[in-house]
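Participant:
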Amino acid sequence: MVLARVVGTVVSTSKVPQLEGIRFLLVERLDAATMNGTGDHVVAMDSVGAGPGEVVFYVAGSSSRLTPVTEGRPADATITAIVDEVEMNGSTVYRKDVS
Amino acid sequence: MVLARVVGTVVSTSKVPQLEGIRFLLVERLDAATMNGTGDHVVAMDSVGAGPGEVVFYVAGSSSRLTPVTEGRPADATITAIVDEVEMNGSTVYRKDVS
Amino acid sequence: MVLARVVGTVVSTSKVPQLEGIRFLLVERLDAATMNGTGDHVVAMDSVGAGPGEVVFYVAGSSSRLTPVTEGRPADATITAIVDEVEMNGSTVYRKDVS
Amino acid sequence: MVLARVVGTVVSTSKVPQLEGIRFLLVERLDAATMNGTGDHVVAMDSVGAGPGEVVFYVAGSSSRLTPVTEGRPADATITAIVDEVEMNGSTVYRKDVS
Amino acid sequence: MVLARVVGTVVSTSKVPQLEGIRFLLVERLDAATMNGTGDHVVAMDSVGAGPGEVVFYVAGSSSRLTPVTEGRPADATITAIVDEVEMNGSTVYRKDVS
Chain A
217 MVLARVVGTV VSTSKVPQLE GIRFLLVERL DAATMNGTGD HVVAMDSVGA
267 GPGEVVFYVA GSSSRLTPVT EGRPADATIT AIVDEVEMNG STVYRKDVS
Chain B
217 MVLARVVGTV VSTSKVPQLE GIRFLLVERL DAATMNGTGD HVVAMDSVGA
267 GPGEVVFYVA GSSSRLTPVT EGRPADATIT AIVDEVEMNG STVYRKDVS
Chain C
217 MVLARVVGTV VSTSKVPQLE GIRFLLVERL DAATMNGTGD HVVAMDSVGA
267 GPGEVVFYVA GSSSRLTPVT EGRPADATIT AIVDEVEMNG STVYRKDVS
Chain D
217 MVLARVVGTV VSTSKVPQLE GIRFLLVERL DAATMNGTGD HVVAMDSVGA
267 GPGEVVFYVA GSSSRLTPVT EGRPADATIT AIVDEVEMNG STVYRKDVS
Chain E
217 MVLARVVGTV VSTSKVPQLE GIRFLLVERL DAATMNGTGD HVVAMDSVGA
267 GPGEVVFYVA GSSSRLTPVT EGRPADATIT AIVDEVEMNG STVYRKDVS
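Chains A, B, C, D and E, in that order, give the protein sequences. If you're matching positions, the first sequence starts at 217 in this note's numbering and goes up one per residue. If you're matching positions, the second sequence starts at 217 in this note's numbering and goes up one per residue. If you're matching positions, the third sequence starts at 217 in this note's numbering and goes up one per residue. If you're matching positions, the fourth sequence starts at 217 in this note's numbering and goes up one per residue. If you're matching positions, the fifth sequence starts at 217 in this note's numbering and goes up one per residue.
1) How long is the line joining the alpha carbons of I295 (chain A) and A260 (chain A), rounded to whole angstroms?
2) Check each residue of the segment 281-299 of chain B: if its Cβ is closer than 9 angstroms to any Cβ of chain C, include it; give the result in chain order.
3) When you compare only the Cα positions, how much space is there between S315 (chain D) and T308 (chain D)?
4) If you check the beta carbons only, do H257 (chain B) and V243 (chain B) fall under 8 angstroms apart?
5) Should T283 (chain D) be labelled buried (16 or more other beta-carbon atoms within 10 Å of its own) or exposed?
6) For A248 (chain C), which residues in chain B fall below 7 angstroms Cβ to Cβ?
7) Just reading off the beta strand (DSSP E) that E301 (chain C) is part of, what are its end residues?
8) Please name the residue or residues paired with F218 (chain C) in a DSSP beta bridge.
9) Quick one: measure Cβ to Cβ for A297 (chain B) and K231 (chain A), integer angstroms, because I've assumed they're closer than 8 angstroms.
10) From the DSSP output, in three-state form, read off L241 (chain B) for me.
11) Under a CB-based cut-off of 8 angstroms, is L252 (chain D) close to chain E?
12) Per DSSP, what kind of secondary structure is S228 (chain A) in: helix, strand or coil?
13) Which ranges would you report for the beta strand (DSSP E) in the segment 249-294 of chain C if only whole runs of at least 3 residues count?
14) Could you tell me which chain H residues have their CB closer than 8 angstroms to the CB of S278 (chain D), listed as they occur along the chain?
15) Using 8 angstroms for Cβ pairs, my map puts T229 (chain B) next to S263 (chain B). What's the rounded Cβ distance?
16) Among residues of its own chain, excluding the 5 on either side of G267 (chain C), which ones have a beta-carbon nearer than 8 angstroms to its beta-carbon?
17) Check the DSSP bridge columns for L246 (chain D) and list the partner residues they point to.
18) Identify the residues that DSSP records as bridge partners of T308 (chain E): which are they?
19) Does E303 (chain C) have its Cβ less than 8 angstroms from a Cβ in chain B?
20) S230 (chain E) CB to nearest chain D CB: under 8 angstroms?
21) Give me, in chain order, the residues of the same chain whose beta-carbon lies closer than 8 angstroms to that of G306 (chain A); leave out the 5 immediate sequence neighbours on both sides.
22) Please determine, among D:F240, D:V299, D:E236, the residue with the shortest C-alpha to C-alpha distance to V302 (chain A).
23) Does any CB atom of chain D fall closer than 8 angstroms to the CB of V223 (chain A)?
24) Along chain E, which residues have their Cβ under 9 angstroms away from the Cβ of M217 (chain D)?
25) Measuring alpha carbon to alpha carbon, tell me which residue in D:L219, D:G224, D:Q234 is nearest V227 (chain E).
26) With burial defined as no fewer than 16 other Cβ atoms inside 10 Å of the residue's Cβ, what is the status of E270 (chain B): buried or exposed?
27) Please determine, among C:I238, C:G224, C:T225, C:F273, the residue with the shortest C-alpha to C-alpha distance to M251 (chain C).
28) Looking at C-alpha atoms only, which residue of B:A248, B:D247, B:A249, B:T254 is the closest neighbour of D247 (chain C)?
29) Less than 8 angstroms separating the beta-carbons of S291 (chain B) and R281 (chain B)?
30) Starting from the Cα of G237 (chain D), find the closest Cα among D:R289, D:D300, D:V299 and give me that residue.
31) I'd like the list of long-range same chain contacts for G224 (chain A), defined as Cβ closer than 6 angstroms, with 5 residues on each side in sequence excluded.
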């Protein structure tokens with residue numbers, strides 16, 4: 217899975233039927249060492265109610281269809297978790313409440 | 217999913233039978249921060265009637281077979297939505313009518 | 217799918233049984249803007265009778281098994297079409313007969 | 217599969233139900249020639265009880281669901297082995313006990 | 217599929233049960249134009265009895281489970297062929313016996 221930050225939304229009215237009712241979030245991949253954005257953006261389906269600015273991870277590939285929200289839909293990236301804390305080499309590099 | 221712009225078409229007469237009747241569009245990936253093209257092009261199947269110059273997103277991998285148009289076909293990239301608006305960090309970075 | 221040019225062949229006698237009878241072509245990815253090679257090569261299964269120098273596109277991932285030639289075989293790249301013409305931004309950047 | 221080192225953990229309470237009970241490890245890809253980190257990090261599911269600092273390999277894509285721990289879960293990277301030794305060009309470039 | 221050279225082995229005793237009995241080879245991707253190594257290494261399952269120094273190709277993704285050796289196992293890269301010869305633009309760039 218990939219660490220990313222929710223930075224925006226994507227709106228579409230002309231789309232395949234299986235995308236009806238899905239919320240599309242624009243996420244930016246993060247460099248885990250610094251928790252800064254990398255400039256790489258992906259359009260991900262939201263399955264956890266993630267909000268702007270939140271750090272999440274998303275799952276890519278066929279597994280992005282394995283959530284209650286995305287089952288049977290043409291997904292290749294789905295946010296499956298809002299991240300509370302990232303610990304690296306014994307240090308807390310991210311904590312939700314204080315960042 | 218990946219933000220891209222429809223920049224052209226690809227025509228083929230010698231192809232596997234499952235590709236008959238499919239429209240192949242050449243799309244260029246976009247840098248979401250600027251909405252400029254990145255120079256990376258992909259041949260995508262069209263499932264939403266996208267036209268030249270339109271901003272879309274496409275789905276990659278096995279999910280590109282999960283649309284009414286592409287079911288059972290050898291696809292790895294399918295346009296599943298025409299994008300109306302992209303919002304990033306509280307600003308509208310793309311809106312279909314005014315761009 | 218990915219635009220590429222057939223640049224060679226790969227021959228193997230020691231291989232898994234499911235690869236018997238398959239023709240392996242060496243293809244070089246193309247930069248669609250210039251139709252020049254990028255230096256990136258892939259070994260692709262041929263399902264359309266592509267010949268040396270021809271511009272094709274290949275499908276990657278699980279869909280590369282969805283052709284009459286490659287069904288049930290361990291493929292991750294299969295040539296599914298010989299390209300006749302590529303049009304970009306209103307110009308013909310490639311046409312088979314004249315290139 | 218990809219050689220990596222376990223460098224941290226990722227904690228999440230808001231997540232899809234299928235992620236309950238899974239341990240998320242932050243791993244850094246290794247350059248096999250030097251066994252140094254590359255700076256590329258992935259969030260992987262743990263299926264072997266890997267600990268901090270250990271060299272492992274993980275499997276990506278749909279196969280990351282094919283372990284007793286990850287079956288049916290939305291995974292795209294699962295640690296499937298703790299590495300004891302890496303030999304390259306006749307030399308031992310990594311051995312667990314002495315590194 | 218990807219051209220690569222077998223450059224080493226990876227040994228693991230702590231692994232998921234489905235990896236028992238599998239031989240893990242370290243392979244280095246090759247630049248097809250020069251047949252030199254690129255410095256990118258992958259841990260691949262061996263299904264053809266490949267030996268050190270041999271040029272092979274491996275299949276990535278879900279197809280890496282479609283060999284007699286790897287069926288049902290968590291694989292994302294499996295060596296499916298030992299390469300005898302690579303021909304590019306009319307020249308033999310690699311032949312097993314003489315290289």
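C-beta: ideal position from N, C-alpha, C; glycine also. Bear in mind that the values here come from a model prediction, so they are computed numbers and not experimental data.
Facilitator: Let me spell this out:
1) When only Cα atoms are considered, I295 (chain A) and A260 (chain A) end up about 6 angstroms apart.
2) Residues of the segment 281-299 of chain B that bring their beta carbon within less than 9 angstroms of a beta carbon in chain C comprise R281, G288, R289, P290, A291, D292, A293, in sequence order.
3) Residue confidence for S315 (chain D) is low, a pLDDT of 48 falling below 50, so the modelled location carries little weight and cannot support an answer.
4) yes
5) Buried, since its Cβ has 16 or more Cβ neighbours within 10 Å.
6) L242, H257
7) 301-304
8) Looking at the sequence itself, residue 218 (chain C) is Val, so the reference to Phe does not match. DSSP lists C:Y274 as partners of V218 (chain C).
9) 4 angstroms
10) strand
11) The sequence as given places Asn at residue 252 (chain D); Leu does not occur at that position. For N252 (chain D), no Cβ of chain E is located within less than 8 angstroms of the residue's own Cβ.
12) coil
13) With a minimum length of 3 residues, the continuous beta strand (DSSP E) runs that stay inside the segment 249-294 of chain C are 252-262, 271-276.
14) Absent here is chain H; the protein component of the structure consists of chains A, B, C, D and E.
15) In fact, because the Cβ distance is near 21 angstroms, the residues do not count as touching under 8 angstroms.
16) V222
17) D:G253
18) Looking at the DSSP assignment, T308 (chain E) forms a beta bridge with E:E303.
19) yes
20) yes
21) none
22) D:F240
23) no
24) V226, F240, V258, V259, A260, M261, P290, A291, D292, A293
25) D:L219
26) buried
27) C:F273
28) B:T254
29) First, the residue type needs correcting, since residue 291 (chain B) is Ala and not Ser in the sequence shown. Going by C-beta atoms, A291 (chain B) is nearer than 8 angstroms to R281 (chain B).
30) D:R289
31) L242
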